[in-house]
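Numbering of the sequence shown is given in UniProt numbering, commencing with residue 1 and proceeding in unit increments.
Reading through the structure tokens given below for one structure.
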Amino acid sequence: MTVLGPLPINEMGVTLMHEHILLDASGKWVPPCCCSDRRLAEMPVKMENLGELSLNPLMSRDNCQLFDVDVAIDELTKFRALGGETVVDPTNIGIGRDPKALARIARLTGLNIIMGTGLYLEPSHPEWGKNQQRRTADRTADLRSWRRGGETGGARRTYRRNRYLQPLYAG
């Protein structure tokens, strides 16, 4: 499923499997303690500093903030011109996922964009998502109990699919 609708797997074509199109990882950025690293931390990402950033991508504040939709469109248009067809964007809720912007980018670039749907690490969870791991574990335990007939006098229950227990893929 893309941000614009269903996509048969045989139509994915050349695919980038992990590209953050828009991202706010600023919560992961920590100012460096060494003076020599501070220079890099505040510089914009450029070809000249990519080598250093490959060793520590979260050192650069600029590298942790991908907010510019126009830059994303420009860069992805180049990918499309080189034969790219699909981008899997793993950006989740809480770290800058923007469904409306991704749909706009998909329309303007002609790319298939598959959007992340989950939650990232707990510090980035919105208030409604706090303690999801515990809640999901509780629901899974309830489901197992229902399937075995526990708490139902032996009658086996069916269950509704919900956002916490849906399979990741069909098959």
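Idealized CB from N, CA, C, for every residue including glycine.
Counterpart residues of G110 in DSSP-defined beta bridges: DSSP, once it has assigned bridges, lists no residue as partnering G110.
Residue span of the beta strand (DSSP E) that contains E48, given as start and end: It is not in any beta strand (DSSP E) - E48 carries neither H nor E in the DSSP assignment.
Top-ranked residue by Cα proximity to P44, from C33, C35, D37 and S60: S60
Per DSSP, the bridge partner or partners of R22: Reading off the sequence shown, one finds Leu at residue 22, where the question assumed Arg. According to DSSP, L22 bridges with nothing at all.
Counted within 10 angstroms of its Cβ, other Cβ atoms place C64 as buried (16 or more) or exposed: buried
Secondary structure of M59, DSSP reduced to three states: helix
Beta-carbon proximity check, I113 vs V3, cutoff 7 Å: yes
Closest residue to P6 among L119, L111, G118 and P126 (Cα-Cα distance): L111
Status (buried if at least 16 other CB within 10 Å, exposed otherwise) for D74: exposed
Span of the alpha helix (DSSP H), counted from its first residue to its last, around T86: Segment G84 to D89 is the beta strand (DSSP E) holding T86; no alpha helix (DSSP H) there.
Inter-stretch contact at 8 Å, needing at least 3 Cβ pairs: the region 10-20 / the region 78-93: yes
Distance, I105 Cα to R80 Cα: 12 Å
L76 - containing alpha helix (DSSP H), residue span: V69 to A81
Span of the beta strand (DSSP E), counted from its first residue to its last, around L16: V14 to L16
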